[in-house]
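Here is the structure we will look at, set down as C-alpha coordinates.
Residue numbers (the working numbering): 772 to 1088.
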(Lines of atoms letter the chains of each structure in order from A and count residues from 1; the text may use other names and numbers.)
(Lines give C-alpha, C1' and ligand atoms only; values in the text may rest on other atoms or scores of the structure.)
Protein backbone atom coordinates (compact mmCIF):
# COMPACT_ATOMS: atom_id res chain seq x y z
CA UNK A 1 0.00 0.00 0.00
CA UNK A 2 2.81 2.43 0.92
CA UNK A 3 4.56 1.81 -2.40
CA UNK A 4 1.40 2.60 -4.37
CA UNK A 5 0.87 5.84 -2.43
CA UNK A 6 4.47 6.97 -3.02
CA UNK A 7 4.15 6.03 -6.70
CA UNK A 8 0.97 8.10 -6.94
CA UNK A 9 2.53 11.16 -5.29
CA UNK A 10 5.62 10.93 -7.48
CA UNK A 11 3.45 10.59 -10.57
CA UNK A 12 1.51 13.74 -9.71
CA UNK A 13 4.74 15.71 -9.37
CA UNK A 14 6.16 14.51 -12.67
CA UNK A 15 2.78 15.14 -14.32
CA UNK A 16 2.72 18.77 -13.19
CA UNK A 17 6.19 19.60 -14.49
CA UNK A 18 5.45 17.76 -17.74
CA UNK A 19 2.32 19.87 -18.26
CA UNK A 20 4.18 23.09 -17.47
CA UNK A 21 6.93 22.32 -19.97
CA UNK A 22 4.48 21.17 -22.65
CA UNK A 23 2.30 24.29 -22.42
CA UNK A 24 5.29 26.64 -22.28
CA UNK A 25 7.02 24.95 -25.20
CA UNK A 26 3.82 24.74 -27.25
CA UNK A 27 2.88 28.41 -26.82
CA UNK A 28 6.39 29.48 -27.84
CA UNK A 29 6.41 27.01 -30.74
CA UNK A 30 3.15 28.46 -32.02
CA UNK A 31 4.69 31.92 -32.09
CA UNK A 32 7.96 30.71 -33.61
CA UNK A 33 6.09 28.96 -36.44
CA UNK A 34 3.63 31.82 -36.88
CA UNK A 35 0.53 29.71 -36.30
CA UNK A 36 -2.37 29.97 -33.88
CA UNK A 37 -2.02 28.29 -30.47
CA UNK A 38 -5.28 26.45 -31.26
CA UNK A 39 -3.52 24.69 -34.14
CA UNK A 40 -0.66 23.58 -31.88
CA UNK A 41 -3.22 22.45 -29.30
CA UNK A 42 -5.12 20.42 -31.90
CA UNK A 43 -1.99 18.70 -33.17
CA UNK A 44 1.25 18.66 -31.16
CA UNK A 45 -0.27 19.00 -27.68
CA UNK A 46 -3.21 16.64 -28.25
CA UNK A 47 -1.03 13.89 -29.70
CA UNK A 48 1.46 14.30 -26.88
CA UNK A 49 -1.17 14.06 -24.15
CA UNK A 50 -2.78 11.08 -25.91
CA UNK A 51 0.46 9.10 -25.87
CA UNK A 52 -0.51 7.20 -22.67
CA UNK A 53 -3.82 6.08 -24.22
CA UNK A 54 -1.97 4.83 -27.30
CA UNK A 55 0.67 2.86 -25.41
CA UNK A 56 -1.77 1.36 -22.90
CA UNK A 57 -4.33 0.36 -25.57
CA UNK A 58 -1.72 -1.29 -27.80
CA UNK A 59 -0.21 -3.19 -24.89
CA UNK A 60 -3.66 -4.23 -23.66
CA UNK A 61 -4.64 -5.46 -27.13
CA UNK A 62 -1.42 -7.46 -27.58
CA UNK A 63 -1.94 -8.94 -24.12
CA UNK A 64 -5.39 -10.18 -25.05
CA UNK A 65 -7.28 -7.50 -23.09
CA UNK A 66 -9.47 -5.77 -25.73
CA UNK A 67 -11.99 -4.60 -23.11
CA UNK A 68 -9.25 -2.65 -21.38
CA UNK A 69 -8.15 -1.06 -24.66
CA UNK A 70 -11.66 -0.05 -25.78
CA UNK A 71 -12.75 1.02 -22.30
CA UNK A 72 -9.64 3.17 -22.04
CA UNK A 73 -10.47 5.10 -25.24
CA UNK A 74 -14.19 5.50 -24.51
CA UNK A 75 -13.58 6.48 -20.91
CA UNK A 76 -10.81 8.91 -21.86
CA UNK A 77 -13.00 10.77 -24.35
CA UNK A 78 -15.76 10.93 -21.76
CA UNK A 79 -13.34 12.21 -19.11
CA UNK A 80 -11.66 14.71 -21.45
CA UNK A 81 -14.88 16.68 -21.91
CA UNK A 82 -16.84 15.93 -18.75
CA UNK A 83 -13.95 16.02 -16.30
CA UNK A 84 -10.88 17.72 -17.76
CA UNK A 85 -12.61 20.54 -19.63
CA UNK A 86 -15.13 20.94 -16.82
CA UNK A 87 -12.52 21.29 -14.08
CA UNK A 88 -10.45 23.66 -16.23
CA UNK A 89 -13.48 25.91 -16.83
CA UNK A 90 -14.46 25.82 -13.16
CA UNK A 91 -10.97 26.90 -12.11
CA UNK A 92 -10.55 29.46 -14.90
CA UNK A 93 -13.25 30.35 -17.49
CA UNK A 94 -12.02 29.57 -21.01
CA UNK A 95 -12.50 31.97 -23.91
CA UNK A 96 -12.66 30.07 -27.20
CA UNK A 97 -12.09 31.23 -30.77
CA UNK A 98 -14.81 31.19 -33.42
CA UNK A 99 -12.82 28.49 -35.21
CA UNK A 100 -13.60 26.10 -32.34
CA UNK A 101 -17.35 26.66 -32.74
CA UNK A 102 -17.56 26.62 -36.53
CA UNK A 103 -14.97 23.97 -37.38
CA UNK A 104 -13.30 21.92 -34.68
CA UNK A 105 -16.29 20.86 -32.56
CA UNK A 106 -18.33 19.77 -35.64
CA UNK A 107 -15.33 17.79 -36.93
CA UNK A 108 -14.94 16.05 -33.56
CA UNK A 109 -18.65 15.13 -33.60
CA UNK A 110 -18.47 13.78 -37.17
CA UNK A 111 -15.45 11.55 -36.41
CA UNK A 112 -17.12 10.28 -33.23
CA UNK A 113 -20.33 9.42 -35.12
CA UNK A 114 -18.41 7.76 -37.98
CA UNK A 115 -17.00 5.27 -35.48
CA UNK A 116 -20.45 3.64 -35.09
CA UNK A 117 -20.64 1.77 -38.43
CA UNK A 118 -17.08 0.51 -37.88
CA UNK A 119 -17.87 -1.10 -34.51
CA UNK A 120 -21.50 -2.06 -35.21
CA UNK A 121 -20.55 -5.72 -35.76
CA UNK A 122 -18.61 -5.72 -32.46
CA UNK A 123 -15.33 -6.17 -34.32
CA UNK A 124 -12.63 -3.64 -35.20
CA UNK A 125 -10.28 -5.28 -37.68
CA UNK A 126 -7.25 -4.11 -39.63
CA UNK A 127 -9.36 -2.70 -42.47
CA UNK A 128 -11.38 -0.60 -40.03
CA UNK A 129 -8.10 0.46 -38.38
CA UNK A 130 -6.81 1.62 -41.76
CA UNK A 131 -10.00 3.66 -42.30
CA UNK A 132 -9.61 5.27 -38.87
CA UNK A 133 -6.00 6.25 -39.60
CA UNK A 134 -7.12 7.63 -42.95
CA UNK A 135 -9.62 9.79 -41.03
CA UNK A 136 -6.81 10.98 -38.77
CA UNK A 137 -4.55 11.86 -41.71
CA UNK A 138 -7.41 13.77 -43.36
CA UNK A 139 -8.11 15.60 -40.10
CA UNK A 140 -4.48 16.66 -39.64
CA UNK A 141 -4.28 17.80 -43.26
CA UNK A 142 -7.48 19.81 -42.75
CA UNK A 143 -6.15 21.49 -39.59
CA UNK A 144 -2.85 22.44 -41.21
CA UNK A 145 -4.52 23.67 -44.41
CA UNK A 146 -7.01 25.88 -42.58
CA UNK A 147 -4.20 27.19 -40.38
CA UNK A 148 -2.47 28.56 -43.47
CA UNK A 149 -5.74 29.96 -44.80
CA UNK A 150 -6.53 31.78 -41.54
CA UNK A 151 -3.39 33.46 -40.22
CA UNK A 152 -5.64 35.93 -38.40
CA UNK A 153 -6.45 33.13 -35.95
CA UNK A 154 -3.32 34.22 -34.16
CA UNK A 155 -5.60 36.81 -32.62
CA UNK A 156 -4.12 38.57 -29.64
CA UNK A 157 -1.53 35.94 -28.83
CA UNK A 158 1.32 37.58 -26.98
CA UNK A 159 4.96 36.56 -26.89
CA UNK A 160 5.94 35.33 -23.43
CA UNK A 161 7.56 38.13 -21.42
CA UNK A 162 10.87 36.33 -21.03
CA UNK A 163 11.09 35.87 -24.81
CA UNK A 164 10.16 39.48 -25.47
CA UNK A 165 13.10 40.56 -23.34
CA UNK A 166 15.49 38.16 -25.01
CA UNK A 167 14.19 37.32 -28.49
CA UNK A 168 17.45 35.70 -29.58
CA UNK A 169 16.81 32.84 -27.15
CA UNK A 170 13.52 31.91 -28.82
CA UNK A 171 14.41 29.11 -31.20
CA UNK A 172 12.34 26.34 -32.63
CA UNK A 173 14.84 23.78 -31.37
CA UNK A 174 14.45 24.92 -27.79
CA UNK A 175 10.67 25.00 -28.11
CA UNK A 176 10.60 21.46 -29.48
CA UNK A 177 12.85 20.32 -26.62
CA UNK A 178 10.40 21.75 -24.08
CA UNK A 179 7.53 19.97 -25.85
CA UNK A 180 9.39 16.63 -25.87
CA UNK A 181 10.35 16.95 -22.20
CA UNK A 182 6.76 17.82 -21.38
CA UNK A 183 5.37 14.81 -23.25
CA UNK A 184 7.91 12.52 -21.54
CA UNK A 185 6.90 13.88 -18.12
CA UNK A 186 3.21 13.44 -18.87
CA UNK A 187 3.64 9.86 -20.04
CA UNK A 188 5.81 8.86 -17.06
CA UNK A 189 3.52 10.58 -14.58
CA UNK A 190 0.37 9.07 -16.07
CA UNK A 191 1.86 5.57 -16.07
CA UNK A 192 2.92 5.88 -12.44
CA UNK A 193 -0.54 7.01 -11.36
CA UNK A 194 -2.31 4.45 -13.54
CA UNK A 195 -0.19 1.57 -12.25
CA UNK A 196 -0.88 2.38 -8.62
CA UNK A 197 -4.62 2.71 -9.30
CA UNK A 198 -4.93 -0.47 -11.35
CA UNK A 199 -3.05 -2.58 -8.80
CA UNK A 200 -5.44 -1.45 -6.09
CA UNK A 201 -8.47 -2.08 -8.30
CA UNK A 202 -7.34 -5.55 -9.31
CA UNK A 203 -6.79 -6.44 -5.67
CA UNK A 204 -10.45 -5.54 -5.15
CA UNK A 205 -11.60 -7.83 -7.98
CA UNK A 206 -12.94 -5.15 -10.34
CA UNK A 207 -13.53 -6.21 -14.01
CA UNK A 208 -11.22 -5.10 -16.84
CA UNK A 209 -13.94 -3.15 -18.66
CA UNK A 210 -14.79 -1.17 -15.54
CA UNK A 211 -11.10 -0.58 -14.77
CA UNK A 212 -10.63 0.63 -18.35
CA UNK A 213 -13.54 3.07 -18.35
CA UNK A 214 -12.78 4.43 -14.87
CA UNK A 215 -9.32 4.18 -13.33
CA UNK A 216 -7.26 3.64 -16.49
CA UNK A 217 -9.17 6.19 -18.58
CA UNK A 218 -9.02 8.81 -15.84
CA UNK A 219 -5.36 8.01 -15.28
CA UNK A 220 -4.52 8.41 -18.95
CA UNK A 221 -6.59 11.63 -19.04
CA UNK A 222 -4.42 13.17 -16.32
CA UNK A 223 -1.99 14.56 -18.94
CA UNK A 224 -4.90 16.40 -20.56
CA UNK A 225 -6.08 17.60 -17.17
CA UNK A 226 -2.66 18.83 -16.08
CA UNK A 227 -2.03 20.47 -19.46
CA UNK A 228 -5.46 22.16 -19.60
CA UNK A 229 -5.30 23.49 -16.04
CA UNK A 230 -1.80 24.89 -16.57
CA UNK A 231 -2.82 26.34 -19.96
CA UNK A 232 -5.94 27.94 -18.45
CA UNK A 233 -4.00 29.67 -15.69
CA UNK A 234 -1.37 30.79 -18.21
CA UNK A 235 -4.20 32.39 -20.25
CA UNK A 236 -3.67 29.90 -23.10
CA UNK A 237 -7.32 28.87 -23.51
CA UNK A 238 -6.85 27.90 -27.17
CA UNK A 239 -4.20 25.37 -26.20
CA UNK A 240 -6.45 24.00 -23.45
CA UNK A 241 -9.56 23.62 -25.62
CA UNK A 242 -7.59 22.52 -28.68
CA UNK A 243 -5.92 19.86 -26.55
CA UNK A 244 -9.30 18.36 -25.59
CA UNK A 245 -10.77 18.42 -29.09
CA UNK A 246 -7.62 17.09 -30.72
CA UNK A 247 -7.16 14.40 -28.06
CA UNK A 248 -10.68 13.08 -28.57
CA UNK A 249 -10.16 12.89 -32.31
CA UNK A 250 -6.75 11.26 -31.87
CA UNK A 251 -8.12 8.74 -29.34
CA UNK A 252 -10.78 7.51 -31.76
CA UNK A 253 -8.97 7.75 -35.08
CA UNK A 254 -5.37 7.30 -33.91
CA UNK A 255 -5.43 5.09 -30.82
CA UNK A 256 -8.18 2.74 -32.00
CA UNK A 257 -6.75 2.83 -35.52
CA UNK A 258 -3.22 1.83 -34.52
CA UNK A 259 -4.43 -0.66 -31.91
CA UNK A 260 -6.74 -2.50 -34.32
CA UNK A 261 -3.99 -2.60 -36.95
CA UNK A 262 -1.62 -4.20 -34.46
CA UNK A 263 -4.21 -6.65 -33.11
CA UNK A 264 -7.91 -6.67 -34.17
CA UNK A 265 -10.29 -5.82 -31.35
CA UNK A 266 -13.47 -7.55 -30.27
CA UNK A 267 -15.90 -4.94 -28.97
CA UNK A 268 -17.93 -5.73 -25.87
CA UNK A 269 -21.72 -5.33 -26.32
CA UNK A 270 -21.69 -3.16 -23.19
CA UNK A 271 -19.22 -0.80 -24.86
CA UNK A 272 -21.58 -0.35 -27.82
CA UNK A 273 -24.73 -0.21 -25.71
CA UNK A 274 -23.58 2.11 -22.91
CA UNK A 275 -20.13 3.65 -23.37
CA UNK A 276 -20.37 4.75 -27.00
CA UNK A 277 -23.76 6.52 -26.58
CA UNK A 278 -22.38 8.29 -23.50
CA UNK A 279 -19.37 9.52 -25.51
CA UNK A 280 -21.63 10.74 -28.33
CA UNK A 281 -23.91 12.54 -25.88
CA UNK A 282 -21.17 14.46 -24.08
CA UNK A 283 -19.47 15.23 -27.41
CA UNK A 284 -22.66 16.76 -28.84
CA UNK A 285 -23.16 18.64 -25.56
CA UNK A 286 -20.06 20.64 -26.50
CA UNK A 287 -22.07 22.50 -29.18
CA UNK A 288 -24.35 24.58 -26.91
CA UNK A 289 -21.56 24.89 -24.33
CA UNK A 290 -19.04 26.61 -26.64
CA UNK A 291 -21.68 28.67 -28.45
CA UNK A 292 -22.55 30.57 -25.27
CA UNK A 293 -20.69 33.86 -25.76
CA UNK A 294 -17.63 31.96 -27.01
CA UNK A 295 -16.62 31.28 -23.43
CA UNK A 296 -16.83 28.16 -21.28
CA UNK A 297 -17.69 29.64 -17.89
CA UNK A 298 -17.83 28.04 -14.47
CA UNK A 299 -21.54 27.40 -14.91
CA UNK A 300 -20.94 25.43 -18.11
CA UNK A 301 -18.09 23.65 -16.36
CA UNK A 302 -20.45 22.42 -13.65
CA UNK A 303 -22.95 21.31 -16.34
CA UNK A 304 -20.25 19.22 -18.04
CA UNK A 305 -19.12 17.79 -14.71
CA UNK A 306 -22.70 16.90 -13.78
CA UNK A 307 -23.18 15.20 -17.15
CA UNK A 308 -19.97 13.23 -16.65
CA UNK A 309 -21.04 12.00 -13.22
CA UNK A 310 -24.53 11.08 -14.49
CA UNK A 311 -23.22 9.24 -17.55
CA UNK A 312 -20.53 7.47 -15.51
CA UNK A 313 -23.16 6.30 -13.03
CA UNK A 314 -25.38 5.09 -15.89
CA UNK A 315 -22.49 3.08 -17.40
CA UNK A 316 -21.42 1.52 -14.12
CA UNK A 317 -24.95 0.62 -12.98
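Positions of the beta carbon are idealized from the N, C-alpha and C atoms, including for glycine.
Note that the structure is a prediction, hence the values are computed from the model and not measured.
Alpha carbon to alpha carbon, what distance is there between residue j and residue i?
i: residue 877; j: residue 1058; result: 8 Å
i: residue 836; j: residue 1083; result: 21 Å
i: residue 831; j: residue 1026; result: 12 Å
i: residue 844; j: residue 1018; result: 10 Å
i: residue 1034; j: residue 1070; result: 42 Å
i: residue 795; j: residue 1086; result: 37 Å
i: residue 1041; j: residue 945; result: 46 Å
i: residue 886; j: residue 913; result: 19 Å
i: residue 892; j: residue 948; result: 43 Å
i: residue 989; j: residue 838; result: 16 Å
i: residue 873; j: residue 1039; result: 34 Å
i: residue 1073; j: residue 1053; result: 13 Å
i: residue 811; j: residue 1046; result: 29 Å
i: residue 998; j: residue 813; result: 13 Å
i: residue 963; j: residue 781; result: 8 Å
i: residue 899; j: residue 1028; result: 7 Å
i: residue 1075; j: residue 1003; result: 17 Å
What does the Cβ neighbour count give for residue i, buried or exposed, with the cut at 16 atoms within 10 Å?
i: residue 1088; result: exposed
i: residue 1121; result: The structure shown does not extend to residue 1121, since the chain is modelled only from 772 to 1088, so the question has no answer here.
i: residue 881; result: exposed
i: residue 797; result: buried
i: residue 1021; result: buried
i: residue 834; result: exposed
i: residue 853; result: buried
i: residue 823; result: buried
i: residue 1077; result: exposed
i: residue 821; result: buried
i: residue 1067; result: buried
So, helix, strand or coil for residue i, using DSSP?
i: residue 867; result: coil
i: residue 989; result: helix
i: residue 995; result: helix
i: residue 1088; result: coil
i: residue 836; result: coil
Beta carbon of residue i, beta carbon of residue j: below 8 Å?
i: residue 1013; j: residue 827; result: no
i: residue 1031; j: residue 842; result: no
i: residue 992; j: residue 857; result: no
i: residue 859; j: residue 1000; result: yes
i: residue 1011; j: residue 906; result: no
i: residue 1065; j: residue 869; result: yes
i: residue 785; j: residue 996; result: no
i: residue 867; j: residue 1061; result: yes
Identify every residue that forms a DSSP beta bridge with residue i.
i: residue 1037; result: 894
i: residue 852; result: BP columns for residue 852 are empty, so no partner.
i: residue 1029; result: Paired residue(s): none; residue 1029 is not in a bridge.
i: residue 1010; result: In the DSSP output, where bridge partners are listed per residue, residue 1010 has none listed.
i: residue 1066; result: 866
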